[in-house]
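Numbering (my numbering), first residue to last: 6 to 242.
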Amino acid sequence: MNIAQDNVPPFSLRTYEVLDGVWAEYRDRETTDFHLGLRVEQLPVYDVGCVGFFGLVDGADVSQPTIVRTWVKNIGNQTAGNFPVNYQFTGEPAVSQSFTGTLAPGDSVLFTFSQPFLPLATVTGNFCAWTAWSSDQIAADDTVCVNIDVIAGLEELQGTSLSVMPNPASDKVIISGYGNAGADLVLVDLSGALVRRWRLDQADRATVDLLGVAAGSYLYQVRGRDRVYTGKLVVAP
Numbered sequence: 006m007n008i009a010q011d012n013v014p015p016f017s018l019r020t021y022e023v024l025d026g027v028w029a030e031y032r033d034r035e036t037t038d039f040h041l042g043l044r045v046e047q048l049p050v051y052d053v054g055c056v057g058f059f060g061l062v063d064g065a066d067v068s069q070p071t072i073v074r075t076w077v078k079n080i081g082n083q084t085a086g087n088f089p090v091n092y093q094f095t096g097e098p099a100v101s102q103s104f105t106g107t108l109a110p111g112d113s114v115l116f117t118f119s120q121p122f123l124p125l126a127t128v129t130g131n132f133c134a135w136t137a138w139s140s141d142q143i144a145a146d147d148t149v150c151v152n153i154d155v156i157a158g159l160e161e162l163q164g165t166s167l168s169v170m171p172n173p174a175s176d177k178v179i180i181s182g183y184g185n186a187g188a189d190l191v192l193v194d195l196s197g198a199l200v201r202r203w204r205l206d207q208a209d210r211a212t213v214d215l216l217g218v219a220a221g222s223y224l225y226q227v228r229g230r231d232r233v234y235t236g237k238l239v240v241a242p
């Protein structure tokens, strides 16, 4: 802040001074003006947050591996970058991945997680995504949540008659009930990585050879002409 004296008319006649603790009209207000100069600078605000999902809404049914995409916004007035973004479904471990780009103030980006969400249990709960920037000054706007219905296995899928036997399996499984038009079978591990893909013949029953599939737990998806089935398959040693 600075102050300047002006002796060149016209004058504002609105100059005041304090006399004995009381504001009074300045004694030379008809011949002198004063000007105050102020320099106002905005304080830096560091603030990012997840503000929405792409493809996930309140009340959504999730019954197969789902790619998680969330909108990340720079809500502050400083450039932001290199911070963790996370997602988590009720009661399950959080998934974390780094955003390595930069966001200008006010900009948004659609952030895609490399690890998909896997429906391992049938339950309703909150699905949340949030940022965890160490420089963030406002935590209240970091997180976005939706309430979803997760469906795992086959019993919940509208009484479907699909059968996968035996389960656990060691060398082969017999799949039936997918329809006479044939279907595609996809097997992924619990990280969402593709393990194997098969084409099931048009006889509503197929034997699938598991040779070369390591022991462990997997998610399968059987995609027919007009329906999709998902479930969990355990391959025994």
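Built from N, CA and C at the ideal position, the CB exists for glycine as well.
| field | From Thr117, Leu48, Gly217, residue whose alpha carbon lies closest to that of Ala134 | value | Thr117
| Thr236 burial status per 10 Å Cβ neighbour count (16 or more: buried) | A small correction: the amino acid at residue 236 is Gly; Thr does not occupy that position in the sequence shown. Buried.
| query | Per DSSP, Phe118 forms a beta bridge with which residues? | reply | None; Phe118 has no bridge partner.
| What's the gap between the Cα of Val27 and the Cα of Tyr21? | 10 Å
| field | Assigned exposure category for Pro58 - 16 Cβ within 10 Å defines buried | value | The amino acid at residue 58 is misidentified as Pro; the sequence shows Phe. With 16 or more other Cβ atoms within 10 Å, it is buried.
| Can you pull the DSSP bridge partners for Val128? | In the DSSP secondary-structure assignment, Val128 is bridged to Val155.
| said: Using only CA atoms, which one of Glu30, Val23, Val151 lies nearest to Arg74? | reply: Comparing alpha carbon positions, the residue from Glu30, Val23, Val151 closest to Arg74 is Val151.
| said: Taking the straight line between their C-alpha atoms, what separation do you get for Asn82 and Pro242? | reply: 56 Å
| Local Cβ density within 10 Å of Val5, reported as buried at 16 or more and exposed below that | Past the edges of the chain, shown from 6 to 242, lies residue 5, and the structure says nothing about it.
| query | From Val90 to Ile153, what distance separates their C-alpha atoms? | reply | 20 Å
| query | Any idea if Pro15 is buried or exposed, counting beta-carbon neighbours within 10 angstroms, 16 or more meaning buried? | reply | exposed
| Quick check: the stretch 135 to 144 against the stretch 196 to 207, are there 3 or more CB pairs under 8 Å? | no
| So, helix, strand or coil for Glu161, using DSSP? | Legend: pLDDT at Glu161 = 42, less than 50; position of this residue unreliable, value from coordinates given subsequently. Glu161 falls in the coil class under three-state DSSP.
| field | DSSP three-state assignment for Ala29, whether helix, strand or coil | value | strand
| Three-state class that DSSP yields for Asp146 in the structure shown | helix
| task | Could you work out which residue in Glu35, Ala145, Asp176, Gly42 is closest to Ile8 when comparing CA atoms only? | result | Gly42
| request: Give the C-beta separation of Leu238 and Ala188 to the nearest angstrom, bearing in mind that I take them to be a contact with Cβ-Cβ under 8 Å. | output: Not really, about 15 Å apart at Cβ, beyond 8 Å.
| query | Secondary structure at Val193, three-state DSSP: helix, strand or coil? | reply | strand
| Close Cβ partners of Asp112 (< 8 Å) along its chain, the five nearest in sequence each way excluded | Lys78, Asn79
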